[in-house]
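No gaps in the numbering here: position 147 of the sequence shown is 423 in this note's numbering, and each next residue is one more. Everything below concerns the one structure shown next.
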Amino acid sequence: MNDLPDQLLAVTDRHLSIRPILEQVADILSGGARWIWLRDRDLPREERRHLAFQVRELAACHGASLTIGSDVELARETAATGVHLAGLETVARARLTLGVERLLGMSCHSVADVAAAARAGADYVTLSPIFASLSKPGYGPALGTEALGAAAELPIRVIALGGVTPGTARACMSAGCAGVAAMGPLMASARPGVLINEFRAAMAPDGQLGTR
Numbered sequence: 277m278n279d280l281p282d283q284l285l286a287v288t289d290r291h292l293s294i295r296p297i298l299e300q301v302a303d304i305l306s307g308g309a310r311w312i313w314l315r316d317r318d319l320p321r322e323e324r325r326h327l328a329f330q331v332r333e334l335a336a337c338h339g340a341s342l343t344i345g346s347d348v349e350l351a352r353e354t355a356a357t358g359v360h361l362a363g364l365e366t367v368a369r370a371r372l373t374l375g376v377e378r379l380l381g382m383s384c385h386s387v388a389d390v391a392a393a394a395r396a397g398a399d400y401v402t403l404s405p406i407f408a409s410l411s412k413p414g415y416g417p418a419l420g421t422e423a424l425g426a427a428a429e430l431p432i433r434v435i436a437l438g439g440v441t442p443g444t445a446r447a448c449m450s451a452g453c454a455g456v457a458a459m460g461p462l463m464a465s466a467r468p469g470v471l472i473n474e475f476r477a478a479m480a481p482d483g484q485l486g487t488r
């Protein structure tokens with residue numbers, strides 16, 4: 277099972293970004309993020325491909341890892357750290373295309389989904405929404421930390437997503453998850469570095485600033 281690049285996964289969404297997405301990603305990386313999930317699935321493929329190469333270069337400059345959402349071929353083409361999939365049907369193809377050393381994640385919305393992803397051979401999952409999400413209202417009923425704890429007992433790393441803030445990150449870590457993912461808070465922040473430090477402090481076991 278491949279190691280996770282970091283405990284904090286920064287997720288992109290240009291619709292939520294307070295500035296052009298590439299500028300916001302640059303600020304997030306400068307602020308200490310070391311794992312970026314390029315989402316923005318609604319972009320035309322060539323635009324998304326261009327953005328992916330730009331984000332890859334930014335990530336490389338900061339020693340950070342890039343995960344491409346959904347597009348296995350784009351993950352291969354950009355030599356990304358891995359791919360984040362939306363469904364089980366693409367897991368085998370992703371492994372065949374990218375090889376065993378690339379990181380393979382999957383979006384899950386129930387404990388049963390997490391169990392299926394573990395059986396399929398994913399390296400990690402995001403489980404969402406853990407809390408009510410301001411950036412994705414109506415996305416689904418909040419699962420809460422109880423579901424997160426049940427998922428964390430399965431043989432796969434679980435990352436909490438959906439409504440996670442520095443104020444709730446500690447509860448997620450206490451439930452047993454391997455990390456947290458943030459989209460709306462980071463996309464909307466004019467000072468993402470401050471927010472990232474708050475996330476790391478909340479996730480550290482002793483309440484001190486976590487290491488990258």
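Even glycine gets a Cβ: it sits at the ideal position worked out from N, Cα and C.
Straight-line Cα distance separating residue j from residue i
i, j, result
"Arg310", "Leu350", "20 angstroms"
"Gly452", "Ala426", "9 angstroms"
"Glu377", "Thr357", "9 angstroms"
"Ala477", "Ile435", "17 angstroms"
"Ile304", "Pro468", "5 angstroms"
"Ala388", "Met277", "20 angstroms"
"Gly438", "Gly363", "18 angstroms"
"Arg488", "Ala457", "Caution applies to Arg488, whose pLDDT of 40 falls short of 50 and renders its modelled position unreliable; the value that the coordinates give is listed next. Rounded to whole angstroms, Arg488 to Ala457 spans 15 angstroms at the Cα level."
"Ser386", "Ser404", "8 angstroms"
"Ala393", "Ala336", "29 angstroms"
"Glu273", "Ser450", "This structure leaves residue 273 out entirely; the chain is present only between 277 and 488."
"Ala480", "Ser341", "21 angstroms"
"Leu462", "Ala428", "25 angstroms"
"Arg321", "Ser346", "12 angstroms"
"Cys448", "Glu299", "29 angstroms"
"Tyr400", "Thr441", "20 angstroms"
"Gly486", "Arg446", "Below a pLDDT of 50, predicted positions are generally treated as unreliable, and Gly486, at 42, falls in that range; the measurement from the model is reported next regardless. Distance between the alpha carbons of Gly486 and Arg446 is about 12 angstroms."
"Ser306", "Phe475", "15 angstroms"
"Arg329", "Leu424", "Arg is not the amino acid found at residue 329; the sequence shown has Phe there. Their backbone Cα atoms lie some 34 angstroms apart in a straight line."
Strand pairing of residue i, partner residues [DSSP]
i, result
"Leu342", "Ile312"
"Cys384", "Leu403"
"Ala458", "Ala286"
"Arg433", "Tyr400"
"Val514", "Residue 514 cannot be examined here, being either before or after the span of the chain that is shown, 277 to 488."
Proximity below 8 angstroms, CB of residue i to CB of residue j
i, j, result
"Val348", "Val359", "yes"
"Gly308", "Asn473", "yes"
"Thr373", "Arg352", "yes"
"Leu420", "Ala398", "According to the sequence provided, residue 420 is Gly. The question's Leu does not apply to it. The answer is no: Cβ separation not under 8 angstroms."
"Gly460", "Asp282", "no"
"Thr288", "Ile294", "no"
"Gly430", "Ala370", "As written in the sequence, residue 430 is Leu, which differs from the Gly given in the question. No; because the gap between Cβ atoms is not below 8 angstroms, this pair is not in contact."
"Leu284", "Thr343", "no"
"Ile432", "Ala418", "no"
"Leu327", "Leu319", "yes"
Status (buried if at least 16 other CB within 10 Å, exposed otherwise) for residue i
i, result
"Ser409", "buried"
"Leu280", "buried"
"Val301", "buried"
"Ala368", "exposed"
"Gly443", "exposed"
"Gly375", "exposed"
"Asp316", "buried"
"His291", "exposed"
"Gly483", "Only weak support is given to the placement of Gly483: the predicted model assigns it a pLDDT of 46, under 50, and the question is left unresolved by the model."
"Arg324", "buried"
"Ala466", "exposed"
"Val470", "exposed"
Assumed close pair residue i, residue j - CB separation to whole angstroms, cut-off 8 angstroms
i, j, result
"Val313", "Ala286", "One point to set straight first is that residue 313 is Trp, not Val, in the sequence displayed. Sure, about 7 angstroms apart at Cβ, within 8 angstroms."
"Thr402", "Ser383", "5 angstroms"
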